[in-house]
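Numbering follows full-length UniProt numbering, in which position 144 of the sequence shown is assigned residue number 144; successive positions increment by one, without gaps.
Using N, Cα and C, we set each Cβ at its ideal position, and we do this for glycine too.
The structure presented is a predicted model; accordingly, all values stated were derived computationally and were not measured.
First comes the structure, then the notes that go with it.
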Amino acid sequence: MVLYFGFLRDVDVGNLLETYNLLSELLQKAISALQNQTHGIIILDTVVSYSRMFARLAMGLDKQPQLIAHLTTKSNSSAGGGGGGGGGDDSGPRETLPERAANTIRYAFVACLNDRTGSSSTGLSPTGAPEGKRRGIYTLANLCLKILFACRKTRGAAQIFENIFVQSPPLSAYPKAQRCMYLYYLGRFLWANGHAYRAQKALQKAFDECHSQCLQQRRLILIFLIAANMVCGRLPSQQLFNRPEAAGLRERFGPLCKYIAQGNIVGFRRHLDIGSEHYAWFSGYRLDLQLRNRCEVFVWRSICRKTFILYGDPGNPEARKAPTFDLKDVLAIFRWQETIYATPPGATQPDNYIDPDFVGMVDEPTGEDALDLPDMNNIHSKMTALIHQGLLGGYISFSREKFAIQGAKLKGALAAGFPNAWKTIEARADAEVPGWKLETSAPIHAGGVVRLSGVRPVGLS
Numbered sequence: 001m002v003l004y005f006g007f008l009r010d011v012d013v014g015n016l017l018e019t020y021n022l023l024s025e026l027l028q029k030a031i032s033a034l035q036n037q038t039h040g041i042i043i044l045d046t047v048v049s050y051s052r053m054f055a056r057l058a059m060g061l062d063k064q065p066q067l068i069a070h071l072t073t074k075s076n077s078s079a080g081g082g083g084g085g086g087g088g089d090d091s092g093p094r095e096t097l098p099e100r101a102a103n104t105i106r107y108a109f110v111a112c113l114n115d116r117t118g119s120s121s122t123g124l125s126p127t128g129a130p131e132g133k134r135r136g137i138y139t140l141a142n143l144c145l146k147i148l149f150a151c152r153k154t155r156g157a158a159q160i161f162e163n164i165f166v167q168s169p170p171l172s173a174y175p176k177a178q179r180c181m182y183l184y185y186l187g188r189f190l191w192a193n194g195h196a197y198r199a200q201k202a203l204q205k206a207f208d209e210c211h212s213q214c215l216q217q218r219r220l221i222l223i224f225l226i227a228a229n230m231v232c233g234r235l236p237s238q239q240l241f242n243r244p245e246a247a248g249l250r251e252r253f254g255p256l257c258k259y260i261a262q263g264n265i266v267g268f269r270r271h272l273d274i275g276s277e278h279y280a281w282f283s284g285y286r287l288d289l290q291l292r293n294r295c296e297v298f299v300w301r302s303i304c305r306k307t308f309i310l311y312g313d314p315g316n317p318e319a320r321k322a323p324t325f326d327l328k329d330v331l332a333i334f335r336w337q338e339t340i341y342a343t344p345p346g347a348t349q350p351d352n353y354i355d356p357d358f359v360g361m362v363d364e365p366t367g368e369d370a371l372d373l374p375d376m377n378n379i380h381s382k383m384t385a386l387i388h389q390g391l392l393g394g395y396i397s398f399s400r401e402k403f404a405i406q407g408a409k410l411k412g413a414l415a416a417g418f419p420n421a422w423k424t425i426e427a428r429a430d431a432e433v434p435g436w437k438l439e440t441s442a443p444i445h446a447g448g449v450v451r452l453s454g455v456r457p458v459g460l461s
């Protein structure tokens, strides 16, 4: 209380950095009180309120670097002030103000997570509501996640998700607003770490939980949800683009969907290239690399599908002759598109610029040789990757340089050779989403007794 009244006396809202330091000290004292096993619950709401102010202040200072420039200068001078390299501080980069705020709030989060008061070991009351300090788990976790994602320090979020998955009551016991916010950040974290299917599950639930009138929040969730679904082979529909929260997204994602369906490598890559008018938008949301690297396989698949439709042999099921298409045709299409992609828009020839100092060299490549065009080995590699991922159904005949479709007699050539990409990926994916606590599990404490009296040897039924 003394520190609180001192804060009210000394705070100067015009000096944000000094306010940050005073609030940091006050919050740390409040968290120390929160950690009291008996009476800590009394100050939970106060800690949550201070944490919200602290998080907002930290992110605000991070957006105004001129206010903290002297801190950066001081840390740099102390790191390099040893002279001759012998006395410098090699402890690594300094902790930023948002990171410091997130770490401070994390102590409150851990205190709530480790609370063992209440009538049940699960942390839930008979009505299914969180008991004691566990009421603050997701509120404080969301504040930490908001800070970490705002300053792009998402590695620190991994421990939060892991702790919640192991120790927290189920997410369904908490208010909808907390569920929606938590699943949004969980989906973004999974997306950033390459788990697109798990990300779309979390983001889909967050989108469903988000109130229909919260258009800004729904739009933010939808941007990542569309990207995650595209990587999983499910393209957005026109009805989705007609939603009010999807305003402006048709111009961003619509051309990509068209290029994937057409098998248009040139259009697909140029839409995400650095020189594209859309690049800054995709890059701002950290979508460009994953969309380009992981959606291009669907463009390859469309090229194979169109090659079969236009030039393939439908086969004869009665004569046990499988439908096939020639890999030489696929190679020709890839080489043609790569040549166009290497040609700047508006030019008629590829850009084969050679520095004047190297003109006239004997081994100087010219024409198509100057381009890194695919060969048959590249086509074999791409086709093998598609088969391995279940996006093509069949096998490669290396002696004839053809692809043969299997199962055409039962399903038809197109359905057997080019199965639904989304259903294929969904069938192979793990249904569990790490970090998303769906049900209550009995906690296992260190030093607990594990009874093995009924255990049988492995391998015996």
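Query	Result
What's the C-alpha gap between L438 and R320?	49 Å
May I have the straight-line CA-CA distance separating S172 from D45, to the nearest angstrom?	21 Å
As a quick exercise: from T339, G40, Y279, H278, pick the residue whose alpha carbon is nearest that of V266.	T339
Following the continuous alpha helix (DSSP H) through T139, name the residue where it begins and the one where it ends.	137-150
Does DSSP put F403 in a helix, in a strand, or in coil?	strand
To the nearest angstrom, how far is the alpha carbon of G123 from that of L143?	21 Å
Have a look at Y174 and L240 and give me their C-alpha separation to the nearest angstrom.	29 Å
Is G263 helix, strand or coil by DSSP?	coil
Look up P130 in the DSSP assignment and say whether it is helix, strand or coil.	strand
Enumerate in chain order the residues of its own chain whose CB-to-CB distance from P130 is below 8 Å, with the five nearest sequence positions on each side excluded.	G123, L124, I137, P169, A173, Y174
Can you list, in chain order, the residues of its chain with a C-beta nearer than 8 Å to that of E426? Leave out the 5 residues immediately preceding and following it.	Y197, C232
The beta strand (DSSP E) with Y395 in it runs from where to where?	394-397
Ends of the alpha helix (DSSP H) at L288?	Rather than Leu, the amino acid found at residue 288 in this sequence is Asp. Segment 288-311, the alpha helix (DSSP H) holding D288.
Can we say the segment 97-115 touches the segment 22-31, given the rule of at least three CB pairs closer than 8 Å?	yes
Within its chain, find whatever has a CB closer than 7 Å to the CB of R9; leave out the 5 residues flanking it on each side and keep chain order.	none
According to DSSP, is S75 part of a helix, a strand, or is it coil?	Note on S75: pLDDT 49, under 50, position unreliable in the model; no value is reported.
Can you give the Cα-Cα distance for L16 and Q217, rounded to whole angstroms?	28 Å
Rounded to whole angstroms, what is the Cα-Cα separation between I226 and R219?	10 Å
Mapping DSSP to helix, strand and coil, what is D329?	helix
Can you check DSSP and say which residues form a bridge with K321?	N316
Over what stretch of residues does the alpha helix (DSSP H) that includes F109 continue unbroken?	97-113
Any beta carbon of chain B sitting closer than 8 Å to that of L225?	Protein chain content of the structure displayed is limited to a single chain, and chain B is not contained in it.
Exposed or buried, which one is Q213 when buried takes at least 16 other CB atoms within 10 Å?	exposed
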